[in-house]
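Numbered by the numbering used here, the letters in the sequence shown go through residues 19 to 303 in order. Structure first, then comments.
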Amino acid sequence: MFTDSHCHLENKRFDSDRDGVFARAREANVATMLAIGNGDGPGTGTLDCAIKLAQQHENVYATVGVHPHEAALAKREDFDRLERLARDPKVVAWGEIGLDYFYDHSPRDVQQSVFVQQMEMARAARRGGLPIIIHNRPSDNSENAWEDLFRLLREHWAPSGIGGVLHCFTGTIEHARTALDLGFMISFAGNITYPKAQNIRDAAQMAPLDRIFIETDSPYLAPVPHRGKRNEPAFVVEVARLIGELRGLTMEDTGRLTTENFRRFFGLTDESHASRSSVSNRQSE
């Protein structure tokens with residue numbers, strides 16, 4: 019069994035064959051998927067996109083949040099809606115949120131402010147708060163976003179003890195160690211298979227096996243041998259294969275242990291899984 023811990027299943031690139039995407043995931047033994055709920059951003063009516071998919075598919079869970087790209091668009095009514103959406107039983111995390119200094123689609127001070135606000139909301143969400151899923155990308159040849167990310171996490175998140183996920187890890191071993199020290203899981207995506215991604219492979223060799231996830235970030239970053247194509251959850255097995263080679267494990271063993279990590283981190287026991295699905299199905303009726 020495999021788990022795709024980060025996929026954008028609502029993306030328009032799946033509109034023509036979304037049922038086929040789910041069918042191929044089943045054929046590849048991808049038993050669980052986490053649908054990321056940024057949608058097209060605030061003001062587009064799509065902040066519930068992941069929840070809608072999770073309500074339709076028992077093996078799909080959801081997140082909510084505002085991506086740093088759209089941070090400048092977020093208004094009070096958007097945050098109010100996110101607060102309500104986070105109460106859905108299929109929502110297991112807040113994200114993806116964070117900083118992106120590579121594209122700078124939103125001003126950096128606004129990105130930081132919206133990031134901090136969402137950390138506060140995640141901390142207050144439901145009973146005990148929700149983990150956060152981090153997007154972080156510095157500008158070229160710079161540590162700037164990493165420095166700001168870890169500063170803000172230490173100031174506003176680490177004291178909560180809730181932890182989170184550093185999604186689609188692209189940093190160094192030192193960045194991974196800092197994230198682990200702050201209570202984060204490290205999630206590896208298809209770019210770990212790219213020839214120039216030795217820094218990612220180094221981090222995957224260092225990270226404790228009980229602190230890693232695998233993901234696709236589909237439809238983006240398709241792994242080798244699918245690079246250049248649209249990515250989809252079935253391809254997460256290639257990430258498992260590569261990490262298995264690095265750690266002396268079979269692809270199946272990597273899938274099993276990362277699935278166990280995912281279910282443990284998000285508290286998805288068999289009982290809680292059945293309860294979340296039952297409540298969510300009733301809400302959608």
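C-beta: ideal position from N, C-alpha, C; glycine also.
Comparing alpha-carbon positions, the option among R282, R281, T277 lying closest to N47 turns out to be T277. It is roughly 15 Å from the alpha-carbon of N217 to the alpha-carbon of P156. Closest by C-alpha distance to L167, out of Y119, P237, A207, G38, is Y119. Taking a cut-off of 8 Å for Cβ pairs, the region 78–94 and the region 108–125 touch, as three or more such pairs fall below it. Per DSSP, T190 lies in no alpha helix (DSSP H) and is assigned neither H nor E.
Shown here for I191: same chain residues with a beta carbon closer than 8 Å to its own, the five before and five after excluded, namely N217, D220, A221, M224 in chain order. By the Cβ rule, the region 87–101 counts as touching the region 124–134, because three or more pairs are nearer than 8 Å. Contact between the region 128–141 and the region 174–185 is present, with at least three C-beta pairs closer than 8 Å. For V84, there is no enclosing beta strand (DSSP E), since its DSSP letter is neither H nor E.
Here D37 carries a helix assignment [DSSP, helix/strand/coil].
Judged by DSSP secondary structure, E256 falls within the alpha helix (DSSP H) whose first and last residues are 254–265.
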